[in-house]
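Written below as structure tokens is the structure these notes are about.
In structure tokens:
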């Protein structure tokens, strides 16, 4: 066995000594690299950058806004020289703490590197900087009849760089795949401060698939500064349906049935009663508030084929006991349904002071029992849990509602969340389908990976991040703490939860 | 057997990942080199290197580990053959959506290590889009896993992606999990005849960009068409270039897609568009296009990867290379929606020297526009003169670092991968 010492692999031991940091000097040094108007260092300003969309938080010592790859490389070299931790951040919409500077240091925010550098319709490619907002890319390519497929619910705000970090998904990735399937090339600044190019604009670059390794590595092995993505032709036609059920079980059976029969729609989303109520109250999209569950289905293709697929899906839905099967009659009706679905997380803010989004995946055939078990967990902890999720690929998003001001609620919520994730793992699923491990789930990694598996991943990490300065404390469990709930974050969570400005976006 | 300097190779046939681990641990302790073999169908790929001291065969690791058809995933031992996997899936109306050239005995592990693809990659992608998890054993014998058995998963690093196409230089795959699909209800091919290559390429480019979602776009020159006719018994046209295009899925959709594609080819200058007369012919055509590279008389197989807009340049480059060498019957097969061009030919001993310098020149040209040229098969004498992978740019430092970390003594398949990794 190779001896992989946890002390030297991506650990904290080599970071700067615990002497107080001269903030003013730090700010001056950073300004020399990125310019004075691109550095934040006063506590008041830093407060805005201590959290993302997850429940944890930690203050950085400075935030910088580079505008070029060269600046990013200089920043990394500076951090290496000064033994400072550094963490990349896009729009801060992440749900697992990937962009939280867990040990302080420099937060490198990519929001000013937001240019679409190239749209190459004939080659079905676009080259973008990491700070480009996901939706902006599809808007920019629409005139060419093309779009960028991955569409996380936060797509109005989240950045492509962040998507690459987390390997983000979205409702429409069922057929076409998630971020990794649409990323062909990356320019990165490696933790040794070098600029490197993984993958190419053309297909099948020889050598190891470092681009594939980088996507979803949660900012732990380097900083992405340029991304070459695949563009996809917009479909000739789209149809959106809503199937209404009087029980969650019937609805999840319908999902299994659709998949089993080989009818794979472009999107297959499910919401339960609680969720429908919240969504309808906030968006008035026309969801039936008295239903126990609804299935939102979208098909793409040529008109005749669409008709046929619609019929097949309607038949399956009715066979599985749908009370009603509606077709969106206009683009406006379709948009309203999707606005409701994509605004689901934020909508919960209307009915609960706080909520915790859980992201787990189960084999699709296990959906009915798992949803029933989530209901049991809600009862056990006396918490309301709303369900909204990508049913087609078994990706659950239970939203646990709680009140951060009520003593014990946060702890209970985290326990319930962990129990759900543990169950996903036990039925053959995984910890996260698209939100990432980050800080949130690092101590749950042992639910699906052995210490040996994790040691090999740590070894890969240490290949790049030799000094353990790049986004420390993420993805890998704290030695000896695997499987323990991270109750210690509970105290912070109480203060972190009010984010009204992001509610709409989720 | 690998093209290599003669040496007695020990063969081990482990029956479990633990046995693989023990064998590798022992080899690692002695710093003795190890190669891997599945069906032994692609041992010729890669740079020339000294034969390893030990060959570990995966053929016994061929178990069906988990298959729930309704989950559309399957987990199997990496030593299972692709043919057997497809037959298991076929019984339940499903398939692994990969169609590389069919080779007798090819295992999944071998396929993943070499990463071949076929005509339908345009619609379904390549192994990296379909492999969702694996178990592997590293050089020192440590056993690891990445990914899982569900179709969507972001937990941990995607180490399985690193294993794809790594030619057994990072570790041995022992177990693999794939995302699978229902078999298409219906598929159909048509053939558009073109006088000029540029027109055929333009038609394909427009098709790839259109909303007709073709399943495959394959352009063949005359020699390739002749060869296709030999293996399929399908009658062929006299057109210099034929663009074969396919659509698959629901029958009504396929009809609409082909109609739109036919229209598009006509507008791009096709002299004629021929429909396949259904049934067996459709399957035969697909199999023929899939297996085209397998012809045993070819000793040279070159693969250009380029942007779609650079395919005309790659084609010119390939044609020039063939004509300079007097390879009048060189077959060209262009995966025209993906940007891959294959040249198959038979190179004589006397042409090696010249071929080497022509390949270097063609490679330099395609690399200028972000592409690559890989020598998939060649006589050993040619491999002595030219690197089969070409330069990989500034990514190499990271590749080398990764190799050094995962196989610090460099015992796995030494010398055959990029720049001698």
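Residue numbers (the working numbering), protein chains in the order written: chain U, 10 to 515; chain V, 2 to 422.
Each residue gets a CB set at the ideal place from its N, CA and C atoms; glycine is no exception.
All figures in this text were calculated on a predicted structure; none of them were measured in a lab.
Within a Cβ cutoff of 6 Å, which residues of the same chain sit near residue i, ignoring the five residues on either side of it in sequence?
i	result
residue 323 of chain U	334
residue 153 of chain U	130
residue 207 of chain V	265
residue 252 of chain V	187
residue 144 of chain V	18, 22, 138
residue 114 of chain V	168, 169
residue 166 of chain V	116
For a contact defined as C-beta to C-beta under 8 Å, what are the partners of residue i on chain V?
i	result
residue 474 of chain U	By Cβ distance, chain V contributes nothing, its closest Cβ being about 11 Å from residue 474 of chain U, past 8 Å.
So which of the options has the shortest CA-CA distance to residue i?
i	options	result
residue 360 of chain U	U:375, U:394, U:379	U:394
residue 224 of chain U	U:242, U:191, U:204, U:205	U:191
residue 161 of chain V	U:482, U:229, U:466	U:466
residue 201 of chain V	V:53, V:81, V:274, V:329	V:274
residue 392 of chain U	U:445, U:422, U:304, U:247	U:422
residue 185 of chain U	U:402, U:420, U:473	U:402
residue 297 of chain U	U:291, U:286, U:306	U:286
residue 390 of chain U	U:416, U:425, U:404	U:425
residue 300 of chain V	V:285, V:11, V:380	V:380
residue 47 of chain V	V:422, V:128, V:389, V:242	V:389
residue 473 of chain U	V:384, V:228, V:406	V:406
residue 35 of chain V	V:179, V:412, V:391	V:412
residue 437 of chain U	V:240, V:310, V:23, V:154	V:154
residue 245 of chain U	V:239, V:252, V:261, V:220	V:261
residue 255 of chain V	V:298, V:279, V:106	V:279
residue 137 of chain U	U:234, U:284, U:407	U:234
residue 241 of chain V	V:39, V:223, V:335	V:223
residue 85 of chain V	V:106, V:332, V:382, V:357	V:106
residue 281 of chain V	V:235, V:198, V:357	V:235
residue 522 of chain U	U:32, U:94, U:68, U:346	Residue 522 of chain U is absent from the structure shown; chain U starts at 10 and stops at 515.
residue 258 of chain V	V:213, V:295, V:287	V:213
Can you pull the chain V neighbours of residue i, defined as C-beta to C-beta under 7 Å?
i	result
residue 440 of chain U	156
residue 278 of chain U	Neighbours of residue 278 of chain U on chain V: none; closest Cβ ~13 Å, over 7 Å.
residue 404 of chain U	153
residue 457 of chain U	149, 156
residue 262 of chain U	Those within 7 Å of residue 262 of chain U in chain V number zero; the least Cβ separation is about 11 Å.
Whose Cβ in chain U lies nearer than 7 Å to the Cβ of residue i?
i	result
residue 69 of chain V	372, 374
In the DSSP assignment, what are the bridge partners of residue i?
i	result
residue 363 of chain U	U:411
residue 155 of chain U	U:242
residue 280 of chain U	U:303, U:397
residue 404 of chain U	U:370, U:399
residue 485 of chain U	DSSP, once it has assigned bridges, lists no residue as partnering residue 485 of chain U.
residue 68 of chain V	V:75
Could you name the residues of chain U that residue i contacts, counting a contact when the two beta carbons are closer than 8 Å?
i	result
residue 379 of chain V	By Cβ distance, chain U contributes nothing, its closest Cβ being about 15 Å from residue 379 of chain V, past 8 Å.
residue 126 of chain V	186, 190
residue 400 of chain V	216, 217, 219
In chain order, what residues of the same chain have a beta carbon less than 7 Å from the beta carbon of residue i, not counting five sequence neighbours either side?
i	result
residue 21 of chain V	15, 57, 138, 173, 175
residue 96 of chain V	87, 90, 181, 182, 184
residue 100 of chain V	119, 120, 121, 291
Within the same chain, show all residues whose beta-carbon is closer than 8 Å to that of residue i, passing over the 5 residues directly before and after it, in chain order.
i	result
residue 412 of chain U	361, 362, 363, 418
residue 450 of chain U	105, 430, 440, 441
residue 89 of chain U	200, 201, 202, 476, 478
Using a cut-off of 9 Å between C-beta atoms, extract the partners of residue i located in chain V.
i	result
residue 301 of chain U	Within 9 Å Cβ-Cβ: nothing; residue 301 of chain U doesn't reach chain V, min ~23 Å.
residue 469 of chain U	158, 160, 163, 403, 406, 407
Which chain U residues are close to residue i, counting only those with a beta carbon under 9 Å from its beta carbon?
i	result
residue 390 of chain V	215, 216
Requested in this report: Taking a Cβ distance cut-off of 9 Å, strictly less, list which residues of the stretch 207–218 of chain U are near chain V, in chain order.
Outcome: 207, 208, 209, 210, 211, 212, 213, 214, 215, 216, 217, 218
Query raised in the report: Relative to chain U, which residues along the stretch 310–328 of chain V have a C-beta separation below 8 Å, given in chain order?
Result: 310, 311
Requested in this report: Anything in the stretch 160–177 of chain V with a Cβ closer than 8 Å to a Cβ of chain U? List those residues in chain order, please.
Outcome: 160, 162, 163, 165, 166, 167, 171
Requested in this report: Check each residue of the stretch 159–170 of chain U: if its Cβ is closer than 8 Å to any Cβ of chain V, include it; give the result in chain order.
Outcome: none
Query raised in the report: When you check each C-beta in the stretch 129–142 of chain V against every C-beta of chain U, which residues fall closer than 8 Å?
Result: 129, 130, 139, 141, 142
Query raised in the report: Of all the residues that make up the stretch 265–294 of chain U, which are near chain V by a beta-carbon distance shorter than 7 Å?
Result: 265, 268, 269, 271
Report task. Identify each residue in the stretch 419–436 of chain U for which the Cβ-Cβ distance to at least one residue of chain V is less than 8 Å, and report them in chain order. Result -> none
Query raised in the report: Name the residues in the stretch 225–259 of chain U whose C-beta lies less than 7 Å from a C-beta of chain V; which are they?
Result: 225, 226, 242, 243, 244, 245
Query - Near-chain U residues of the stretch 4–35 of chain V - C-beta to any C-beta below 7 Å - result: none
Query raised in the report: Got a sec: which bits of the stretch 81–100 of chain V sit with their beta carbon under 9 Å from any beta carbon on chain U, in order along the chain?
Result: 94, 95
**Report entry** Chain-ordered residues of the stretch 312–325 of chain U with a beta carbon less than 7 Å from chain V
**Finding:** 313, 314, 317, 318
Requested in this report: Could you name the residues of the stretch 132–149 of chain U whose beta carbon sits closer than 9 Å to any beta carbon of chain V, in the order they occur along the chain?
Outcome: 132, 133, 134
**Report entry** Under 7 Å (Cβ pairs) to chain U, residues found in the stretch 208–222 of chain V
**Finding:** 209, 210, 211, 212
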